[in-house]
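Numbering (our numbering), first residue to last: -14 to 443. Here the structure is laid out as structure tokens; the discussion comes afterwards.
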């Protein structure tokens, strides 16, 4: 994409006497290239997904670069490159460093500092009535936060209003503050981040309350004869930390806050798009209700038990993918692929999986929503596509580093959609323009989307 006219970009056969002009041409070309890159990187902030897809189509399978206001992003799509990323040493290509760059945890997570390399300090948790009109995205964020609170922290602490509000607000504050810190000079970014987050109030409250709860549980665990052991994610993290790793309370809190951010932020968007897809394609409502009428409680944690719902959510994740890139790694040192492709230290290597999932060479009639697509082409209804992790289905990552929470996320999606289908009749109210906005490579639901909800009778 060329954003600047370049009338001086021409070959020249000037003689030796014309060197000053040649020097001017060279300086102009350097300035042109620098300015175009800067403009493209700013354009990326508001249209990142479209820019990735445009260059993806132009590249026709070859690696390509995406300028951003921060680090250089190199995109690859070939199975060989993806497999090399998977096999690369963690001290060369690091997902952990990408997450650190995204979240700026030292500022947004109350001083918690991540290492660039995953697992260097020990990681214990990577194992696998009346009608009403509601703002859809806001509803989904609160719904997911409420559900996650019970799963993560148990009913007692999650029912505390102050704690819940801090847990709910923290992911939003962190995402906003991290953008200020990444984009602006240090002198002003911290000040603005403090202003928009009320001096990181939610992060401070969450950090303090989690610290108290973890201290209490660690003390209870040491007592002999302790009869009541909480059955929640927080306790599981406490119990599964490697014995050789002596984690401090602060380390526990930082890890929990990091997991909490990822779970609430991404799952809220996924639930919103699943409901959008459901109510913009109402022909799927009755078949899904019929399947759910025969479902048992345990079926929601068993992918093959609900094949229609599993396929519908897979199609929503494919066509409504809210993140344009996947398998992101930051090069901690320069890295060269076997075919000579090189990534410099500090740059990111990524896979444009949203574009790949919208490519007709990968999916038949790829831009058409087909809710039962994944039950076709000989695929057995006994398979669960949604939780797959392969070079053809990259929403959870690849190989050694796939999302350990994908089973929980899928079960949560199914439970939420089932609750809406069985308990309510809903209608998506008309809206102007698109249903999403772009920021960097992320496609976020617009806040103006509204859902009319009426409780079902019988």
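Think of the CB as a built atom: it goes at the ideal place given N, C-alpha and C, for glycine as much as any other residue. Just so you know, these numbers come straight off a predicted model, no measurement behind them.
Whether residue 313 touches residue 83 by CB criterion (9 angstroms): yes
With C-beta atoms as the reference, is residue 403 less than 9 angstroms away from residue 297? no
Span of the beta strand (DSSP E), counted from its first residue to its last, around residue 315: 311 to 316
Note the first and the last residue of the continuous beta strand (DSSP E) segment covering residue 409. 409 to 413
May I ask which residues mark the beginning and end of the alpha helix (DSSP H) holding residue 372? Segment: none, residue 372 is in no alpha helix (DSSP H) and carries neither H nor E.
Residues sharing a beta bridge with residue 335, DSSP: 60
Euclidean distance between Cα positions of residue 427 and residue 51: 14 angstroms
Could you check how far apart the C-beta atoms of residue 253 and residue 126 are, in whole angstroms? I think they sit under 8 angstroms. 4 angstroms
Can you check whether the CB of residue 200 is closer than 9 angstroms to the CB of residue 219? no
Could you check the C-alpha separation between residue 322 and residue 79 for me, to the nearest Å? 15 angstroms
Please classify residue 113: does DSSP put it in a helix, a strand, or coil? With a pLDDT of 42 at residue 113, under the threshold of 50, the modelled position of this residue cannot be trusted; read the value that follows with caution. If DSSP states are grouped into helix, strand and coil, residue 113 belongs with coil.
Of all the options 299, 260, 306, 394, which has the alpha carbon lying nearest to the alpha carbon of residue 244? 394
Run through DSSP, which three-state label would residue 444 get? Summary: the structure shown does not reach residue 444, with the chain confined to residues -14 through 443, and so no result is reported for it.
So, using beta-carbon positions, are residue 137 and residue 224 closer together than 9 angstroms? no
Indicate the three-state DSSP secondary structure (helix, strand or coil) for residue 442 in the structure shown. coil
Give me, in chain order, the residues of the same chain whose beta-carbon lies closer than 7 angstroms to that of residue 262; leave out the 5 immediate sequence neighbours on both sides. 301, 305, 354
So, at 8 angstroms on beta carbons, what are the nonlocal neighbours of residue 266 in its own chain, with the 5 sequence-adjacent residues on each side left out? 354, 356
By a C-beta neighbour count over all protein chains shown, 10 Å radius and 16 as the cutoff for buried, is residue 121 buried or exposed? Under this definition residue 121 is a buried residue.
Where residue 40 and residue 140 are concerned, what is the direct C-alpha to C-alpha distance, given to the nearest angstrom? 48 angstroms
Roughly how many angstroms lie between the CA atoms of residue 259 and residue 188, to the nearest whole one? Annotation: residue 259 to residue 188 spans about 29 angstroms, alpha carbon to alpha carbon.
Buried or exposed (CB count within 10 angstroms, at least 16 for buried), residue 365: With a pLDDT of only 48 at residue 365, under 50, the local geometry of the prediction cannot be trusted, and the value read off the model is given with reservation. With fewer than 16 Cβ atoms within 10 Å of its Cβ, residue 365 is classed as exposed.
CA nearest to the CA of residue 161, picked from 412, 176, 149, 376: 176
Residues of its chain near residue 206, where Cβ-Cβ distance is below 6 angstroms and the 5 sequence neighbours each way are ignored: none
Among residues of its own chain, excluding the 5 on either side of residue 371, which ones have a beta-carbon nearer than 6 angstroms to its beta-carbon? 295, 298, 299, 395
When you compare the segment 227 to 241 with the segment 407 to 414, are there three or more beta-carbon pairs, one atom per stretch, that lie closer than 8 angstroms? no
What is the DSSP secondary structure of residue -5, reduced to helix, strand or coil? The predicted position of residue -5 is uncertain, since its pLDDT is 42 and thus under 50; a value taken from the coordinates is nonetheless stated next. Look at residue -5 here: in three-state DSSP terms it is coil, with no helix or strand label.
Can you list, in chain order, the residues of its chain with a C-beta nearer than 7 angstroms to that of residue 384? Leave out the 5 residues immediately preceding and following it. 71
Residue 164 to residue 345 span [Cα, whole Å]: 34 angstroms
On the DSSP letters alone, give me the boundaries of the alpha helix (DSSP H) that residue 50 sits inside. For residue 50, no alpha helix (DSSP H) segment is defined; the enclosing uninterrupted segment is the beta strand (DSSP E) at 49 to 51.
Cβ-based neighbour list, residue 128, same chain, cut-off 6 angstroms, excluding 5 preceding and 5 following: For residue 128, there are no CB contacts under 6 angstroms within the same chain when 5 residues up- and downstream are skipped.
When DSSP labels each residue in this structure, what does residue 291 get in the three-state scheme? coil
Can residue 70 be considered in contact with the ligand NAP, in the sense that its beta carbon sits closer than 8 angstroms to one or more heavy atoms? What this structure holds is no ligand at all, so the ligand NAP is not there to describe.
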